[in-house]
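Student:
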Amino acid sequence: MTNRERREALEFYLGISPWLIGLVCFTGGPILASLAISFTQWRLLSPPKWLGIQNYIDMFQDEGTRVSLGNTLFYTGLSVPLGLVTSLFVALLLNQRARGSTLFRTLFYLPTITSGVAMALLWLWLLNPEFGLINLALGLIGIKGPAWLQDPDWAKPALVLMSLWTIGTSMVIFLAGLQGMPQHLYDAAKIDGANQFREFWHVTIPMLTPTIFFVMVTSIIASFQTFTNVYVMTEGGPGWSTLMYGLYLYNNAFEYLRMGFASAMAWGLFLVILALTILQLLGARRWVYYEGGIRGRI
Amino acid sequence: MSTLQLSGGSIPRLIRLFGIYLLLLFGAVLFTAPFLWMLSTSLKTPELVFTHPPQFIPNPVQFRNYMDGWQRLPFTRFTLNTVIITSHNAIMDTLVSAIVGFSFARLRAPGKDYLFVLVLATMMVPYEVTRVPLYILFSRLGWVNTLLPLMIPTWFGWPFFIFLLRQFFTTIPFDLDDAARMDGCHSFRIFVQILIPLSKPALAAVAIFSFVSNWNDFQGPLIYLSDLNQYTLALGLRMMQGGRFIFIHQVMAVSIVSVLPLLLIFFSAQRYFIRGVTLSGIKA
């Protein structure tokens, strides 16, 4: 190592030192601590008691975990595919480069940026069975709207409806994907006499597959972490109908003070995310090969 | 570049354009209607809020709701707390993540690749995992019911921002560094004088990302803050709910005020924001 190389390495470690400290104190350390806590019973007031894998076994027998997992899967199963289709459709429309499409993009993105407690309160009001905008609008076309968040059968669909309002992130990612499409593929398709539908189905969709995959995985992860909306709007009710995994985890940790059980739940979530991410990486690898095959060396 | 191009003459093109506008307008109405409804409710008298059929344009207009709602709780204090947290975090997130991202992107050192894998690995860990241990840590430190747990962690960079900026820094030609190094520049000067000026859009994207996510953060403040004087806007708004709809006109008024800074930032720096989202998507 020359002097200059040594100096550069020193500067590197100096540069990343905040992150290294953070890794020990605020990420890596707590991750290991969380794993350890998940094997104990710990209610904060008394010292932790070693339980082995009991929390993980309890998780599968616990009614709350089962219900919250079921609710989360139901919510994910509806909101992710619907969100994908809606955001892709909007992105396709915006990609037509009609005049003023930037303004439209802004409008469609707005709800995403304001998402938070204010928007949860707004939707609580929109979904009001008697005076809310949604049932008023349904009334105009002769449909008597359901009681939404007050009806155990309609509470989850109401949350799905709300999720379709905040598709801005997926939309922007799709738009970027569409704008990066190589034009020559469309030219080739046209020469082969493909109509618009075939062009969309045989060029756009295959080329967009990695993006769709990415958006799908990140949306699933986000929907497993749903918290603010349900906490503010329903607190999991009515009954347990909107008790989501993220909410139940929070309740265990900070309402019931079951730190060990909550940590086991967090690791369960982590494993789901890990599996999805690995799936996503494998998909991405396939994609690189695929596009490389067309473009040659990148 | 367009995806659904028609090679036909001008009449089908016009029809197509008309169809696109029609769909876009329809979507825009659906997406903005909740905001307009919010605005309309916030300006109504309580009697007007609960009338059938509803009045979309309130008459009379009652601006008082904004003052009355604001005074129901110490919202000025909440705003101040929120501004302190978000501006501090936006600055620190950008600064620290930039320095760390720069080191990963532009400096050579043994072990660097392994450490970068760690950055990527910690990006995958959901915050739920570290929530409990961090809560215990911060309560041992006596930080609970102060703003510290919501601010101090940003001093150490956030893996996602580090990754984002590192990716951006690697796209800037390395010849610049080499030339500067030849002239005897040390790394910090390269960072400040070459990379920062060339990376303003990416840095702005990170700052805005950080600002928006901290402004909207709810669970963090919910866990750590219990004294009304420390509350953020998100917690204050949540108190307004209280299961009662009688004050809904005031609730909507305060909610509008609370998202106003987000709208201002978004409209003035939309370009950077969209760019940031795009950058984060490209990692796929």
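In order, the protein sequences belong to chains C and L.
Quick note: the first sequence, position 147, residue 148 per our numbering, numbers continuous.
Quick note: the second sequence, position 129, residue 200 per our numbering, numbers continuous.
Glycine included, each C-beta is placed from N, C-alpha and C at the ideal position.
Smallest Cα separation from S47 (chain C): which of C:E236, C:L258, C:L33, C:E64?
Tutor: By 1-based counting over the first sequence, the position of residue 47 (chain C) is 46. Checked all of C:E236, C:L258, C:L33, C:E64; the closest Cα to S47 (chain C) is C:L258.
Student: Take the Cβ of F259 (chain L) as the centre, count every other Cβ of all protein chains shown within 10 Å, and call the residue buried at 16 or more, exposed below.
Tutor: The count along the second sequence starts at 1 and reaches residue 259 (chain L) at position 188. So F259 (chain L) ends up on the exposed side.
Student: Taking the straight line between their C-alpha atoms, what separation do you get for D152 (chain C) and Y251 (chain C)?
Tutor: Residue 152 (chain C) sits at position 151 when you count from the first residue of the first sequence. Residue 251 (chain C) sits at position 250 when you count from the first residue of the first sequence. Our two residues, D152 (chain C) and Y251 (chain C), have alpha carbons roughly 24 Å apart in a direct line.
Student: Do L95 (chain L) and F105 (chain C) have their beta-carbon atoms positioned less than 7 Å apart in this structure?
Tutor: Translated into positions along the first sequence, residue 105 (chain C) becomes position 104. Translated into positions along the second sequence, residue 95 (chain L) becomes position 24. Their beta carbons are under 7 Å apart, which means F105 (chain C) touches L95 (chain L) by this criterion.
Student: Roughly how many angstroms lie between the CA atoms of L137 (chain C) and P82 (chain C), to the nearest whole one?
Tutor: By 1-based counting over the first sequence, the position of residue 137 (chain C) is 136. By 1-based counting over the first sequence, the position of residue 82 (chain C) is 81. Straight-line Cα distance between these residues: approximately 27 Å.
Student: Closer than 9 Å by beta-carbon distance: list the chain L residues that pair up with E356 (chain C), in chain order.
Tutor: This structure cannot settle anything about residue 356 (chain C), because the visible part of chain C is limited to 2 through 299.
Student: Nearest to V91 (chain C) by alpha carbon, out of C:A148, C:F175, C:E236, C:T235?
Tutor: Along the first sequence, read from residue 1 onward, the residue named residue 91 (chain C) stands at position 90. Nearest C-alpha to V91 (chain C): C:F175.
Student: Under 8 Å, with one C-beta from each stretch per pair, do the segment 16–35 of chain C and the segment 236–248 of chain C reach the 3-pair mark?
Tutor: no
Student: Against chain C, with Cβ distances strictly below 7 Å, would W141 (chain L) count as a contact?
Tutor: On the second sequence, position 70 is the one that residue 141 (chain L) refers to. It does not: the Cβ of W141 (chain L) has no partner Cβ on chain C nearer than 7 Å.
Student: If we require 4 or more residues per run, which alpha helix (DSSP H) segments fall completely within the segment 122–158 of chain C?
Tutor: 134–141
Student: Can you tell me where the alpha helix (DSSP H) with P230 (chain L) in it begins and where it stops?
Tutor: Start at 1 with the first residue of the second sequence, and residue 230 (chain L) comes out as number 159. 230–241 is the extent of the alpha helix (DSSP H) around P230 (chain L).
Student: So, with DSSP's three-state summary, where would you put T41 (chain C)?
Tutor: Here the question's residue 41 (chain C) lines up with position 40 in the first sequence. Three-state result, T41 (chain C): strand.
Student: Can you check which of these residues, L:T150, L:L88, L:F234, is closest to L189 (chain L) by C-alpha distance?
Tutor: Position 118 of the second sequence holds residue 189 (chain L). Of L:T150, L:L88, L:F234, the residue nearest in Cα terms is L:F234.
Student: Can you tell me the Cβ-Cβ gap for L306 (chain L) and P292 (chain L), rounded? I've got them flagged as a contact below 8 Å.
Tutor: Here residue 306 (chain L) is taken as the residue at index 235 of the second sequence, counted from 1. Here residue 292 (chain L) is taken as the residue at index 221 of the second sequence, counted from 1. Right, the Cβ-Cβ distance comes to about 5 Å (below 8 Å), so this counts as a contact.
Student: Are the segment 260–268 of chain C and the segment 188–208 of chain L in contact at 8 Å, needing three or more beta carbon pairs?
Tutor: Enough Cβ pairs lie closer than 8 Å, so yes.
Student: Give the interface partners of P125 (chain L) over in chain C, defined as CB-CB distance under 9 Å, in chain order.
Tutor: Indexing the second sequence from 1 puts residue 125 (chain L) at position 54. Those within 9 Å of P125 (chain L) in chain C are F132, L134, L137.
Student: Would you verify that the beta carbon of P197 (chain L) is, or is not, closer than 7 Å to some beta carbon of chain C?
Tutor: As a first step, residue 197 (chain L) is located in the second sequence; it is residue number 126 there, counting from the start. Chain C, which has a Cβ nearer than 7 Å to the Cβ of P197 (chain L), makes this yes.
Student: Mind checking the segment 246–270 of chain C against chain L and listing, in chain order, the residues whose C-beta falls within less than 8 Å of any C-beta there?
Tutor: G247, L250, Y251, A254, F255, M260, A263, S264, M266, A267, W268, L270
Student: Between N287 (chain L) and chain C, is any beta-carbon pair separated by less than 7 Å?
Tutor: Here residue 287 (chain L) refers to the residue found at position 216 when the second sequence is read from its first residue. Answer yes: the Cβ-Cβ gap between N287 (chain L) and chain C drops below 7 Å somewhere.
Student: With burial defined as no fewer than 16 other Cβ atoms inside 10 Å of the residue's Cβ, what is the status of Y302 (chain L): buried or exposed?
Tutor: Locating residue 302 (chain L) in the second sequence gives position 231, counting from the first residue. Result: buried.
Student: Just the Cα atoms here: how many angstroms apart are S339 (chain L) and R87 (chain L)?
Tutor: On the second sequence, position 268 is the one that residue 339 (chain L) refers to. On the second sequence, position 16 is the one that residue 87 (chain L) refers to. When rounded, the separation of the alpha-carbon atoms in S339 (chain L) and R87 (chain L) is 32 Å.
Student: Between which two residues does the alpha helix (DSSP H) harbouring E200 (chain C) extend?
Tutor: By one-based count along the first sequence, residue 200 (chain C) stands at place 199. Taken as a continuous stretch (DSSP letters only), the alpha helix (DSSP H) holding E200 (chain C) covers 197–200.
Student: Closest Cβ-Cβ distance between I170 (chain L) and chain C: below 7 Å?
Tutor: Within the second sequence, the letter at position 99 stands for residue 170 (chain L). Judged by the 7 Å Cβ criterion, I170 (chain L) is in contact with chain C.
Student: Pairing CB atoms from the segment 12–20 of chain C with CB atoms from the segment 167–184 of chain L, are three or more of them under 8 Å?
Tutor: yes
Student: Taking 7 Å as the CB-CB limit, is E9 (chain C) close to chain L?
Tutor: As a first step, residue 9 (chain C) is located in the first sequence; it is residue number 8 there, counting from the start. E9 (chain C) counts as touching chain L.
Student: Below 7 Å on C-beta distance, what does S326 (chain L) contact in chain C?
Tutor: Looking up residue 326 (chain L) in the second sequence gives position 255. Per Cβ cutoff of 7 Å: A119, L122, L123.
Student: Counting only beta-carbon separations shorter than 7 Å, does A305 (chain L) have a partner in chain C?
Tutor: On the second sequence, position 234 is the one that residue 305 (chain L) refers to. Yes, because at least one Cβ of chain C sits closer than 7 Å to the Cβ of A305 (chain L).
Student: Please identify the residue among C:A177, C:R5, C:N253, C:S224 whose C-alpha is closest to the C-alpha of R98 (chain C).
Tutor: Locating residue 98 (chain C) in the first sequence gives position 97, where the first residue counts as 1. If we check each option's Cα against that of R98 (chain C), C:A177 comes out closest.
Student: Which same chain residues end up closer than 7 Å to S370 (chain L) when comparing Cβ atoms and leaving out the 5 residues on each side of it in sequence?
Tutor: Here chain L comprises residues numbered 72 to 355, so residue 370 (chain L) is not present and cannot be evaluated.
Student: I'd like to know whether the C-beta of V322 (chain L) is nearer than 7 Å to at least one C-beta of chain C.
Tutor: To locate residue 322 (chain L), count along the second sequence from 1; it is residue 251. V322 (chain L) counts as touching chain C.
Student: Any beta carbon of chain C sitting closer than 7 Å to that of P117 (chain L)?
Tutor: For the purposes of this step, residue 117 (chain L) is identified with residue 46 of the second sequence, where counting begins at 1. Chain C, which has no Cβ nearer than 7 Å to the Cβ of P117 (chain L), makes this no.
Student: Quick one: which chain C residues come within Cβ less than 9 Å of V330 (chain L)?
Tutor: Walking along the second sequence from the start, residue 330 (chain L) turns up at place 259. I114, T115, G117, A119, M120, listed in chain order.
Student: Between V348 (chain L) and V173 (chain C), what straight-line distance do the alpha-carbon atoms span, to the nearest angstrom?
Tutor: As a working note, residue 348 (chain L) is residue 277 in the second sequence. As a working note, residue 173 (chain C) is residue 172 in the first sequence. Taking the straight line joining both Cα atoms gives about 7 Å.
Student: Go ahead and pull the three-state DSSP assignment for K191 (chain C).
Tutor: Within the first sequence, the letter at position 190 stands for residue 191 (chain C). In the three-state scheme derived from DSSP, where H, G and I count as helix and E and B as strand, K191 (chain C) is classed as helix.
Student: Taking Cβ-Cβ distances shorter than 8 Å, what residues in chain L pair up with P19 (chain C)?
Tutor: Counted from its first residue, the first sequence places residue 19 (chain C) at position 18. Going along chain L in sequence order, the residues near P19 (chain C) (Cβ under 8 Å) are V167, I170, V171, W226, F227, G228.
Student: Have a look at L209 (chain C) and L191 (chain L) and give me their C-alpha separation to the nearest angstrom.
Tutor: If you number the first sequence from 1, residue 209 (chain C) lands on position 208. If you number the second sequence from 1, residue 191 (chain L) lands on position 120. Cα-Cα distance, rounded: 24 Å.
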